[in-house]
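These protein sequence lines map, in sequence, to chains A, B, C and D. Position one of the first sequence corresponds to residue 55 (the working numbering), numbered consecutively onward. Position one of the second sequence corresponds to residue 72 (the working numbering), numbered consecutively onward. Position one of the third sequence corresponds to residue 48 (the working numbering), numbered consecutively onward. Position one of the fourth sequence corresponds to residue 49 (the working numbering), numbered consecutively onward. Glycine included, C-beta positions come from ideal geometry on N, C-alpha and C. Computed from a predicted model, the values in this text were never measured in an experiment. Following: one structure in structure tokens, then a few remarks.
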Amino acid sequence: MADAEPQVVSTGRKGPAIPRPLLYLLLILATATPLFFDNISIPDQPADPAVFDMYAMLMTIPTDRPVLVSSEWTNGTRAESRGAFEALMRILMHRNIKFVLFSIADAQAPPVAVEVIRDLNEERKKHGERPYERWNDWVDVGYYANGEGTAEALAVSVQKAFSGKQDMNPQGESEDVFDSPVLKGVSTLKDVSAFINVTASATDIVYIQRLASKTTFLEFCTGVMGPEAIPYYSSGQTKGLAKGLRSVIDLETLMVTGIPAGGSSRVPAAVPGILPASDPRSKGRGNHYNASLHVAIVLMILMIVIGNVEMYRAKRGAAS
Amino acid sequence: MNPNYLVFRDGCIVLATLGLYSVLYRENKVFRFFEHMFLGLAVGWAVVAMWTEVLFSTWWVKMIGTADKLGHHGQPGYWAWATLLPISFLGYLVFSKKYNWMSRIPIGIILGLWAGQQVQVWFTQYGPQFADSMRPIWPNTHEFTRPDVTGISGPALASIKDTVYGSQAIDNVIYVVTLLCVMSYFLFSFDVKQKLLARTQTTGRWLLMIGFGAIFGSTVMMRFSLLIDRMSFIFIEFVKHDVLRR
Amino acid sequence: MNGLNRILADTVPPPTFWNGVYGSGGLWLKIILAFLIVSVALVFLKDAGPRVRKYVVGGATFLAGAFYVFFYFYPTPLNRQPGEMPQNAGEAVSFWLDDAVPTVGQIANIVAAFLLGLGVYSVFTVHVKRVAKQSADWGFSVVLLLSFFLMVGLGYADWGMKRIAGPKLDDPSNWGIVNYGRSFLFDGLLQNMDAAMFSIISFYILSAAYRAFRIRSIEATILLGSAVIMMIGLLSGFEYGWNHVAHQLPTTGTYAMGELTKWLQDCFQTPSLRAIQWGLGIGTLAMGLRLWLSLEKQGAN
Amino acid sequence: MNISSLGSLVAEDTWQNQYSNTGRFALFFTVVVVAFVLLNIWRAEKGGRQGKDLYIRRIPGLNAIDEAVGRATEMGRPVVMVPGIPSNVDAIVMQALKIFAYVTRVAANFGNPILVCCAYAPVYTVATEMMRDVYQREGLGDKFDPDSVRFISDRQFAFAAGVSGLMLREQAAAVFLMGDFFAESLIFAETANGIGAIQVASSTQNTQTPFFIAACDYVLIGDEFYAASAYLTRQPVLVGSLIGQDWCKMVVGTLVFIGMALNGVQRGFLDRPTISSAMQDGHMKPLDKPHPIGKKETTMAYLFSPQSEPDLAGVNHRGKYPPEELPESDDKVTNWK
């Protein structure tokens, strides 16, 4: 019977040849060194249909209505989430889509997102574009402690869910967010053009269970959440999905190249790029980290190979 | 924000990061210092968040109501929330030798609420997945590969999506076999002396390993990207920008 | 005042026995009475016999769970609009259930939040004891307690200031020492220590891969194989090169790296994840039933 | 189907809406699963009274518990147990604590110190009570050290730092990681490996299981975790429930198999059959123009998603509250001052 149930025993208790500290030092070098070379550019050919759908959906949602952006990440997952959020903001800002910012995961999430918007505005000013103004182009309605309840309320009425929230208008006064140009005339999810979740925790399930069917639901998640998010994308509950750093890199590429007709299964027409390849902004956070990612993964595969060679040698040594 | 403050803050962050990393070499006093600081801050923040992020808005405000302000309508308070206070505090009796049974009441309430929800969400969560797994295992067309959909839209595209091509049928067979074999591995009350079951269970385990390998591979990216980001913080943002001002 | 009018429509409920006006003596009296009555009832209960105890704990658990079970099996009023009347008594119940869900959903959160004090108590007993006895590492316990009190003090002070000043304090240029202090501890140290600990995982992944990822059995080989293919698929540069070569092959497209990883995900990862998840789901449901109906023996056996 | 004949207590619309939303099938299936579990618990309890023992297959990871604790005793070093980082007191953490109660019993009898690290205050409450209970039942009540169950932090990575620091300083000999683990799983597993501790692990988060497989000595995969307490204690309730779960899995497997075959038949072999009627707004209606059958037009698809747009289904006959009964108007605002 034992042969039918092999045990999962995998630890090699004999000391490996490469000491751990050296291994760690190698990894630090592998990840840090490429960061100093700004001009390394690694070719990318996006193939993930989920990212194509994400970009195509973002480029085709109506611009006359706002989108709801639930930003559920903080600096703990800055590596992947910030790149994703920046890519999202660049597209929204390019298309002049107004947005509402909020969070159900972490009280610190909205301030972190606001900081990114501030940085992007600096960048826009540098390129001679108008900054995206708080109150006129976007509002921050803050953090909601009871995620499930808030999602439930949003599904029934956006107005009810965000009622009583205030944000600062350009004159520096607090005013009801529903008096802002962003939320004017919005009452239910039918009045927003998409619901976008940028997340590092399981908030996507909360939204999928409660409101994803009532609007265009798009999701930016971290690489770890990817495998669990795919089933919802393939069943159509999520209309576009970006999973982790690789998807950010792909999105940055698509922002330059655009998508040919039929490239996205959910948007039949061709979608143009928004940035010329010569624009330094086309090399976003994703591209910046790509070289390091390559070196790190190659190092990982190399270590697996070395480990196996060592084992093979030890076995042969023991046999002879 | 004051630039000097930022340099000071970033310097402290780098120190803390390196302090925590030092455990990779071995457990030492520097790590212990930052570990205890980390725990102190984390528990402290939990105490702050307990009131400011949970109890204040979901309990206190609900209980006493809110005042009417301009542009912000006042809400009445509901006194019944007050009953939760004594019930919750029964939990603290866990240290009492005589009355510790009472600490089970608040826990029982939390557990009961959770358990009831399971009945509610079970089918909503898994039902659509059952339906999605019922994939036809034979083609309904003579073509083998799915045509390239580039440039196709409308009814033609919908028709392609509704058709099961030969290659898809093969994939579907693999899908269903994987699903059923893995499920059979998780049958516990059947004697595996039955040859067929033993074999499907072993196959199930192997197929499971392909799945786990794929998960492992795809999550590695995030782990590394977090390290890359830390390195970017230490070397680019702190050393290059803050210290060397470049 | 557009906003004001709009919110009026359905957010302010009528006065009933259950609620009271903010700050009114009546409401406070009710709150204090509710607190006292429940407290006194619980004091009377404390010496209950073992049988009664079982019924009290089991009953509380059952009632809490019964709400959701009833809510699930009772018809839901779909397409309900604000201000609508129920058509009859049956629908009135479903309206009530619908309205009660958000409230009931909060109870677990609130009770759990009150219990946090127990956790703090645990941390304190360990570390205060250590400081008092001056046993090994007591200095670090001082560090822990100090950072705890700093965080709590500055956290609450900052929260209070922000409640009084409103959104003005969202702008760092209006900050004082308290706000800077909280931001330093929370946004600076705590959040970044989180990120540091999070990133430590990548070191461990590398050492685990080197140490344990070995071709020692069929299973390990399968695991390793699919993991390596997925990892290679993450490298955009490698994928680019591979596809370039694959394009030279007679059947274009089919051998693209993306297709391979997608195939692995669709044909193996998704079904095996689902199979495990279904088993876990049924297991969770069964355990939920056992807990709800108090079928399991309490404590350890 | 006209359900109003059931009585006028519930409006017809409400019934229709309810079941076009969750689906009659969903309710039916949930009831079947619940019934199977309860029925088998009842059967096992009856059998248990007659002294019958029911079969459960071997679970390798669990046989390692005694070995691991035994080794810890030999070395005179503590057994560390971590019930994951739950966000709620739920079945997963209760299950983990049940397994830990078993480990604690073994450890208590060997006179070996234990350390349970909790990441959530209510879990800390339950764990304290359970572990003390174990010591008392074994007649070792005075040996229980309240500091052996600790709350570390409810913040994921502070918890990770604290627990790995403890493992390193206490030089744990056996580490049990069971429950809801997320990214921190590998930190624990590798730290424990670094000090040469035996690890027995299980995560209900499938994305973490491969990391445990790579780094730990014994791993419980998926559902094995729920089978564990039945396997260890052989309590009739647990064994019965486990058999009930197996029945449910068989039903689900069969259902998928039937659905697969039925879908295959309806969607045709080498040819797509044309259909002349399809489900619209919850009813089968003839189509204006017959067309080849689509993915979502099979019996199984209708059964599992009877109405894709529930809000559009059914006509609403509800009246509105008259304006004077509506709660407030501008001048009443001051009521709530």
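request  = Assuming A255 (chain C) contacts E238 (chain D) (C-beta within less than 8 Å), just tell me the rounded distance between them.
outcome  = 6 Å
task = Can you grab the Cα-Cα spacing for the pair A149 (chain D) / S255 (chain A), in whole Å?
result = 31 Å
ask   = In whole angstroms, what is the alpha-carbon distance linking S167 (chain B) and L165 (chain C)?
value = Roughly 13 Å between the two C-alpha positions.
task = Report the residues of the stretch 293-317 of chain B with a CB closer than 9 Å to any CB of chain A, ordered along the chain.
result = Going along the stretch 293-317 of chain B in chain order, one finds M293, R294, F295, S296, L297, L298, I299, D300, R301, M302, S303, F304, I305, F306, I307, K311 with a Cβ nearer than 9 Å to chain A.
key: Amino acids of chain D, ordered along the chain, whose beta-carbon sits closer than 9 Å to that of F195 (chain C)   = Result: empty, since nearest Cβ-Cβ is about 11 Å, beyond 9 Å.
Beta-carbon neighbours of T121 (chain D), restricted to chain A and to distances below 9 Å = Chain A residues near T121 (chain D): none, gap ~19 Å exceeds 9 Å.
query = Going by other Cβ atoms of all chains shown within 10 Å of its Cβ, with 16 needed for buried, is A141 (chain A) buried or exposed?
reply = Counting Cβ neighbours within 10 Å, A141 (chain A) comes out buried, since at least 16 surround it.
ask   = So is N239 (chain C) in contact with chain A if we call contact Cβ pairs under 8 Å?
value = yes
request  = Report the option in C:G280, C:G213, C:E138 whose CA atom is closest to the CA atom of G226 (chain A).
outcome  = C:G213
task = Return helix, strand or coil for Y96 (chain B), following the three-state DSSP convention.
result = coil
inquiry  = Given a cut-off of 8 Å on the beta-carbon distance, is the pair W192 (chain A) and A163 (chain A) in contact?
reply    = no
request  = Residues of the stretch 113-126 of chain A with a CB closer than 7 Å to any CB of chain D: list them in chain order, please.
outcome  = none
message = Determine whether the beta carbon atoms of L298 (chain B) and Y78 (chain A) lie at a separation below 8 Å.
response = no
message = Starting from D146 (chain C), trace the alpha helix (DSSP H) in both directions and tell me its first and last residue.
response = 136-161
Outcome for M332 (chain D) when other beta-carbon atoms lying within 10 angstroms are tallied against a minimum of 16 = So M332 (chain D) ends up on the exposed side.
task = Going by CA-CA distance only, name the one from A:S346, A:V310, A:G327 that's closest to K42 (chain A).
result = Here chain A comprises residues numbered 55 to 374, so residue 42 (chain A) is not present and cannot be evaluated.
ask   = Can you list, in chain order, the residues of its chain whose CB lies under 8 Å from that of P314 (chain A), leaving out five sequence neighbours each side?
value = A324
key: Q143 (chain D) classed as buried or exposed, judged by whether at least 16 other C-beta atoms fall within 10 angstroms   = buried
message = What does the Cβ neighbour count give for F260 (chain D), buried or exposed, with the cut at 16 atoms within 10 Å?
response = buried
task = Taking only beta carbons into account, state which residues of the stretch 77-90 of chain D come closer than 8 Å to chain B, listed in chain order.
result = Per Cβ criterion, the list reads F77, T78, V81, V82.
message = Can you tell me where the beta strand (DSSP E) holding I2 (chain D) begins and where it ends?
response = Residue numbering for chain D in the displayed model covers 49 to 385; residue 2 (chain D) lies beyond these limits and cannot be assessed.
Start-to-end residues for the alpha helix (DSSP H) that takes in H294 (chain C) = 283-295
request  = May I ask which residues mark the beginning and end of the alpha helix (DSSP H) holding D114 (chain D)?
outcome  = 108-123
query = Do I200 (chain D) and A444 (chain D) come within 8 Å of each other at the CB atom, strictly closer than that value?
reply = Here chain D has residues from 49 to 385 only, and residue 444 (chain D) is not among them.
query = Which whole-angstrom value is the C-beta distance of P126 (chain D) and N88 (chain D), which I expect to be below 8 Å?
reply = With a contact defined as Cβ atoms closer than 8 Å, P126 (chain D) and N88 (chain D) miss out at about 38 Å.
query = Can you find a CB in chain A that lies within less than 8 Å of the CB of G362 (chain D)?
reply = In this predicted model, G362 (chain D) has a pLDDT of only 49, less than 50, meaning its place in the structure is not dependable enough to derive any value.
inquiry  = Distance check for S211 (chain A) and T242 (chain A), CA to CA, integer angstroms please.
reply    = Rounded to the nearest whole angstrom, the C-alpha separation of T242 (chain A) and S211 (chain A) is 5 Å.
inquiry  = With a threshold of 8 Å, are at least 3 pairs of Cβ atoms found where one atom belongs to the stretch 103-110 of chain A and the other to the stretch 130-137 of chain B?
reply    = no
request  = Report the rounded CA-to-CA distance for M293 (chain B) versus Q256 (chain D), giving the unit in angstroms.
outcome  = 13 Å
Range of the contiguous beta strand (DSSP E) that encloses V248 (chain D) = 246-251
query = Should I178 (chain B) and V137 (chain D) be called a contact, given that it needs their Cβ atoms to be closer than 8 Å?
reply = yes
task = Buried or exposed for L83 (chain C), please, with buried defined as at least 16 other CB atoms from any protein chain shown within 10 angstroms of its CB.
result = exposed
request  = For Q328 (chain D), count neighbouring C-beta atoms within 10 Å of its own C-beta (all shown protein chains included) and say buried if the count is 16 or more, exposed if not.
outcome  = exposed
ask   = Which term fits T302 (chain D), buried or exposed, when burial requires 16 or more other beta carbons within 10 angstroms of its beta carbon?
value = exposed
ask   = Would you call the CB atoms of K152 (chain A) and P120 (chain A) closer than 8 Å?
value = yes
Closest residue to P340 (chain D) among B:V192, B:I286, B:S230 (Cα-Cα distance) = B:S230
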